[in-house]
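Visitor:
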Amino acid sequence: MKILFINGPNLNMLGRREPELYGHLTLNDINERIAKKAADLGVEVEFYQSNHEGALIDRIQAAKDENIDAFVVNAGAYTHTSVAIRDALLSTDIKFIEVHLSNIFRREKFRNSSYLSDIAYGVIVGFGYFGYELALEALKYG
Ligand code: CA2
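Going by this note's numbering, the sequence shown opens with residue 4, and the numbers climb by one from there.
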C-alpha cells in the first residue's frame, strides 16, 4: 500500500509561528513521525507540500499514473476556496482523507466549510499532527 501525504499553503511554516494553534513540530518532524509509523505498519509513504494551487493540482494529477492507493490531504486555506483542487481529486478516483490540525469548526466562519469534505473518504480535524497518524491507520485498517 502506498499513500501520498499532500500539504498545502503555509504548512511549511509549522513549528515556527502560532504554536498554540498548530503545535510545535515542524512539517519535517511530523513527516518523520509518519514515516516511522508507516514503516511499522508496512505502508509506503510519500510527502508533498506546496504553497501553489497549480502545483498541488499537478501533483494530484500525476498520482494517477503512479501506484498510489490513497491521499492524506491538508489543503490548508485552499480547503475553503478551491473548486480546482476538488476537481483534481475527483478526476483521479483515488480515495483521500482530509486532515486539519486545528478544529476548523470552532474557528472563523470562513473556515467552517470545505470544498473537500463531501467527497472525502473521511475527515479528521482538531487533533494536531496526530490527525495524520490517525489517517494512516484508518487507511491501513479501515
Ligand atoms: O488546521 C489546519 O490544518 C488548516 O488546514 C491550516 C491552514 C488554515 O488556513 C486552515 O483553515 C486550517 C493554515 C496553515 C497555516 O500554517 C501555519 C503554521 C505556522 C505558522 C503560520 C501558518
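Beta carbons: idealized from backbone N, C-alpha and C, even for Gly.
Lys-40 lies in the alpha helix (DSSP H); which residues open and close that run?
Guide: Note, Lys-40: alpha helix (DSSP H), 30–44.
Visitor: Is Asn-13 near the ligand CA2, judged by its Cβ being under 7 Å from some heavy atom?
Guide: Yes.
Visitor: Please determine whether the Cβ atom of Tyr-135 lies at a distance below 7 Å from any heavy atom of the ligand CA2.
Guide: No, the beta carbon of Tyr-135 sits no closer than 7 Å to any heavy atom of the ligand CA2.
Visitor: Is the beta carbon of Val-48 closer than 8 Å to that of Phe-99?
Guide: No, the Cβ-Cβ distance between Phe-99 and Val-48 is not below 8 Å.
Visitor: Using CA atoms only, rank isn't needed, just tell me which of Tyr-144, Asp-121, Ile-6 and Lys-143 is closest to Ala-66.
Guide: The shortest C-alpha separation from Ala-66 is found at Ile-6.
Visitor: Could you say which of Asp-121, Gly-131 and Val-102 lies nearest to Ala-138 if we only look at CA atoms?
Guide: Here the closest residue by C-alpha is Val-102.
Visitor: Among Gly-145, Glu-140, Gly-131 and Ile-63, whose alpha-carbon lies nearest the alpha-carbon of Leu-30?
Guide: Among Gly-145, Glu-140, Gly-131 and Ile-63, the Cα nearest to that of Leu-30 is on Gly-131.
Visitor: Taking the straight line between their C-alpha atoms, what separation do you get for Gly-125 and Arg-114?
Guide: Answer to the nearest angstrom: the Cα atoms are 18 Å apart.
Visitor: Can Ser-85 be considered in contact with the ligand CA2, in the sense that its beta carbon sits closer than 7 Å to one or more heavy atoms?
Guide: No - the ligand CA2 has no heavy atom lying nearer than 7 Å to the Cβ of Ser-85.
Visitor: Taking only three categories from DSSP, how would you classify Leu-17?
Guide: Coil.
Visitor: Does DSSP classify His-27 as helix, strand or coil?
Guide: Three-state DSSP puts His-27 in coil, outside helix and strand.
Visitor: My output table needs one value for Glu-111: the three-state DSSP class, helix, strand or coil.
Guide: In this structure, Glu-111 counts as coil in the three-state DSSP scheme.
Visitor: Report yes or no: do the segment 37–56 and the segment 8–26 share at least 3 C-beta pairs separated by less than 8 Å?
Guide: Yes, since at least three Cβ pairs between the segment 37–56 and the segment 8–26 fall closer than 8 Å, the two stretches touch.
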